[in-house]
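Here the structure is laid out as structure tokens; the discussion comes afterwards.
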Amino acid sequence: MILARIINGGRESDDEKIIKMSDLTKKIKEDPSINECGAIFTFEGFVRGKDRAKTTEKIILTTMNKDETEKELEAMVKEVKDKHGVRSIAVVHYLGQFEPGDPLFLAAVAGPHRHETRAALEEIIERVKYELDFKKKEFGSTGTQVILSGG
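FYI, in this note's numbering the residues of the sequence shown are 14 to 164.
If you want it as structure tokens, here you go:
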């Protein structure tokens, strides 16, 4: 099972249903391949409010082309699934305006054994951060800065 979604979320959008981590794990557990699994690993990335002496009030996360970014995410998820031999991967990345504590990125991976399942999750986390075309505008105590994918 593969689920790869880019969703308009955030505080100023009710375009799409907000998906929670419990929704992802439920979807994975409902997939028939769960009988072949012995591990589920999850990750939730959210807005950090303070980093050393710098505070963040809000961020705005965008992408130039949501549909294209979602296609790239889906291809990435399929590649990682095949590479590591895991059974299910579900990933959701939100776009919009967010405040500290708001979730931005959810990922869940189910596989036969913990080693390949954890490796698949780690690869998804890193590749989403560095390979997908996201732009983050961060507002905080040091002013406003724009961070392109990988930052």
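Beta carbons are placed, not taken as given, at the ideal position from N, Cα and C, and that holds for glycine.
- With the rule of 3 Cβ pairs closer than 8 Å, the stretch 46 to 53 counts as touching the stretch 124 to 132.
- Annotated as distal: threonine 55 and valine 99, with beta-carbon spacing of 8 Å or more.
- Pairwise C-beta distances place the stretch 33 to 45 out of contact with the stretch 82 to 89, as fewer than three of them are shorter than 8 Å.
- Across the structure, aspartate 64 and phenylalanine 118 are spaced so that their CA atoms are roughly 19 Å apart.
- Pairing valine 90 with alanine 66, the inter-Cα distance amounts to about 36 Å.
- Within 10 angstroms of the beta-carbon of lysine 94 lie 16 or more other beta-carbons, which makes it buried.
- The beta-carbon distance between threonine 68 and valine 60, rounded to whole angstroms, is 11 Å. This is too long to meet the 8 Å contact definition.
- Under the three-state reduction of DSSP, lysine 30 is assigned to coil, being neither helix nor strand.
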